[in-house]
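Under our numbering, think of the first position of the sequence shown as 46, with each following residue one higher.
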Amino acid sequence: MWGDEAGPAPETAAEAVLAAADAGATAEVPHRVVIGSASYDMLLDLEAARLERLRTQEAVSRLAPG
């Protein structure tokens, strides 16, 4: 997936891409599509870290009204 690793063949993403496109028929079309289990898990970890950093700033953020 990264570096010298070839990762999965690109055509294996076709089903996920088509499912995301078809989602527009019954729900809101996603703004982003994460392809692959490893990529999804990596994104969850990154987002959790980002949210934790945001929480450390809560007290400063709440000093201003609104």
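C-beta atoms are modelled at their ideal positions from N, C-alpha and C, and glycine is treated no differently.
How many Å lie between residue i and residue j at the Cα?
i: residue 103; j: residue 85; result: 27 Å
i: residue 71; j: residue 59; result: 19 Å
i: residue 88; j: residue 105; result: 27 Å
Does the distance from the CB of residue i to the CB of residue j come in under 9 Å?
i: residue 75; j: residue 68; result: yes
i: residue 61; j: residue 78; result: yes
Looking at C-alpha atoms only, which residue of the options is the closest neighbour of residue i?
i: residue 80; options: 63, 92 and 73; result: 63
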